[in-house]
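Add 45 to the 1-based position in the sequence shown for our numbering, that's all there is to it. Beta carbons are placed, not taken as given, at the ideal position from N, Cα and C, and that holds for glycine.
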Amino acid sequence: MNPRRFAELGGFGPGSGRFFGPGELRWALMALIAESPGHGYELMSRLEQRCGGSYRPSAGAVYPTLQQLDDEGLAILEIEGGRKVFHISPAGRTEVDEHGTEIAAIWARADQRGEWGMFRDPDATEIIAPAMRLFKAAISAIAHSHGDPAVIDEVRAILTATTHKLQQLKMDAKRQHRRRRSRHSE
C-alpha cells in the first residue's frame, strides 16, 4: 500500500479512526495551556507530540477551539512578540481540575495510540504486508486446527520466538546507531 494513502486512512493499530470525542479537543487544549501557555501553532505541535504523532491537529479544528476558549473566559489571549499566546484563566484551571479524569483518559489513549504511530513512517510500510501475512497464517493455522491445543501452543511459540528475535534485532540496531553517532561526534 502506498505510504501516503496508508497515513490518510488513519494508519494502523487500535483506534486508528477519529481521535477526539465531543468536547475532548477542548479539554486537551485547556490541559496543555494549563501546563504552559502557548500560541496556536505551538499548541498544535505540543498536541501532536503528546499524541506520539498518532494525531495531527488541523488549524481548522484547533484555532476555532482556542477562540471558543477565549470567548468563554477559559483561556486568556495575550499578544506577546506579535503572537497570540493563550494562558489558562482561573475558570479554565477549575474546568481542567474538574475534568481531570477525562483528561487523563485522553492522554492514556494518546499514549496507547502513540505506540502505533511508527506505522506512519514510510519505511515501516515495507514490512506491513509481510507482517500481515504472518498474522493471517497464524490465525489460519489455528482456525483450521479447530482449537487443537497443540497447534495453538506451537503457533504461540513461533510468534513468541519471532517477537523475541525482532526485539533483539531492534536492540542491536539501537546500539549500532549509538556507536555510529558517538564516532561522528568525536
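Review point. Hey, how far is the Cα of L204 from the Cα of R220?
Key: For L204 and R220, the gap between their C-alpha atoms comes out near 24 Å.
Review point. Based on Cα-Cα distance, which residue from E93, H84, D217, P135 lies nearest to L119?
Key: Closest option to L119, Cα to Cα, is P135.
Exercise for review: Look at L77 and G85 and say whether their C-beta atoms are less than 9 Å apart.
Suggested key: Not a contact, by the Cβ cut-off of 9 Å.
Point to revise | Inter-residue spacing [alpha-carbon to alpha-carbon] between T146 and K181 | key: In a straight line, the C-alpha of T146 is about 38 Å away from that of K181.
Check your understanding: Among R138, R91, Y100, which residue has its Cα nearest to the Cα of A75?
Key -> According to the sequence as given, residue 75 is Met; it is not Ala. Of the candidates R138, R91, Y100, the one whose C-alpha sits nearest the C-alpha of M75 is R138.
Exercise for review: Look up R128 in the DSSP assignment and say whether it is helix, strand or coil.
Suggested key: Looking at R128 - three-state DSSP - the assignment turns out to be strand.
Check your understanding: Just how far apart, CA to CA, sit M89 and A195?
Key -> Distance between the alpha carbons of M89 and A195: 51 Å.
Review point. From this set, Q157, R63, A106, which residue's C-alpha is nearest C96's C-alpha?
Key: Of Q157, R63, A106, the residue nearest in Cα terms is Q157.
Point to revise | Residue span of the alpha helix (DSSP H) that contains L204, given as start and end | key: 194-230 is the span of the alpha helix (DSSP H), which, as asked, contains L204.
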